[in-house]
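Numbering (the working numbering), first residue to last: 72 to 295. Ideal placement from N, C-alpha and C gives every residue a C-beta, glycine not left out.
Right, dumping it as structure tokens:
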């Protein structure tokens, strides 16, 4: 199977997971990226089984609306039954690196609100230790140099992502050569740097379920 076919397979598995888990009239959180887009396209067939969605990016919101799926502001809903999103990396504890699409802050907010977080990814994203994928950090523009210096002190090589402005009006620093042995500790430490909005480690709120696309089918994995 190609990578695109694996993404389609995990998206289909996520539809089955979600439709079996939710009740009529509940809200689903939707992530950002190519794998999440596959899920959005399949969700269109089941849009009458849900009340609506909240989206982690303007791009996902627009895609949902094109399918006729209602998108709510997160502040207007009481709760989110399940959040479905991809990942740039996941370890076996379902701690993630996200933010390749620069939507990490809104993704982290929706994940924090959701009762369940279902991550959908292909087998190339499963790693023993996070950090092979450059860690995205969303930063207030005026703090770019300060945050960069602090990230160097932590052992990383931050690089400004040229030409990218987040939906929140901020910039992204991608931290290279930064193995993450203790994800939760590093997540908290980076978030404590003044000027950081948030970083792309999802360890304080990891995924609850990983649907992993492999050449032998989709594996359902829970944290070990």
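Asked, Found
"Are the Cβ atoms of residue 186 and residue 144 separated by less than 8 Å?", "no"
"Let me check one thing: in DSSP terms, what residues is residue 160 bridge-paired to?", "168"
"Counting along the chain, where does the alpha helix (DSSP H) carrying residue 109 start and finish?", "105 to 114"
"Based on Cα-Cα distance, which residue from 80, 154, 107, 166 lies nearest to residue 273?", "166"
"Could you check the C-alpha separation between residue 77 and residue 105 for me, to the nearest Å?", "11 Å"
"Quick one: residues in its chain with C-beta nearer than 6 Å to the C-beta of residue 235, no 5 flanking neighbours on either side, listed in chain order?", "173, 243"
"Measuring CA to CA, which of 95, 108, 97 is closest to residue 296?", "Lying outside 72 to 295, the shown extent of the chain, residue 296 is not represented and no answer is given."
"State the start and end residues of the unbroken beta strand (DSSP E) segment that holds residue 185.", "185 to 193"
"Measuring CA to CA, which of 240, 258, 250 is closest to residue 227?", "250"
"Hey, would you say residue 241 sits closer than 8 Å to residue 209, going by beta carbons?", "yes"
"Tell me, which residues are paired with residue 284 by DSSP?", "193, 289"
"Throw me the rounded Cβ distance for the residue 85 and residue 181 pair, which I believe falls under 8 Å.", "That pair is no contact at about 15 Å."
"Given that a residue counts as buried once 16 or more other Cβ atoms are within 10 Å of its Cβ, and exposed if not, what is residue 179?", "buried"
"At what residues does the alpha helix (DSSP H) containing residue 92 begin and finish?", "74 to 92"
"Exposed or buried, residue 88, counting other C-beta atoms within 10 Å across all chains shown (16 or more means buried)?", "buried"
"Grouping DSSP H, G and I as helix and E and B as strand, with all else coil, what is residue 207?", "strand"
"DSSP has residue 139 in a bridge; who is on the other side?", "The partner list for residue 139 (beta bridge, DSSP) is empty, contrary to what the question assumes."
"Under 8 Å, do residue 269 and residue 161 count as touching if we go by C-beta distance?", "no"
"Rounded to the nearest angstrom, what separates residue 204 and residue 135 at their Cα positions?", "28 Å"
"Once the 5 residues before and after residue 217 are set aside, which same chain residues still bring their CB inside 6 Å of it?", "266"
"In terms of residue numbering, what span does the beta strand (DSSP E) encompassing residue 229 cover?", "228 to 231"
"Does residue 103 pass the burial test, meaning 16 or more other C-beta atoms within 10 Å, or should it be called exposed?", "buried"
"In terms of alpha-carbon separation, which member of 233, 94, 279 lies closest to residue 183?", "279"
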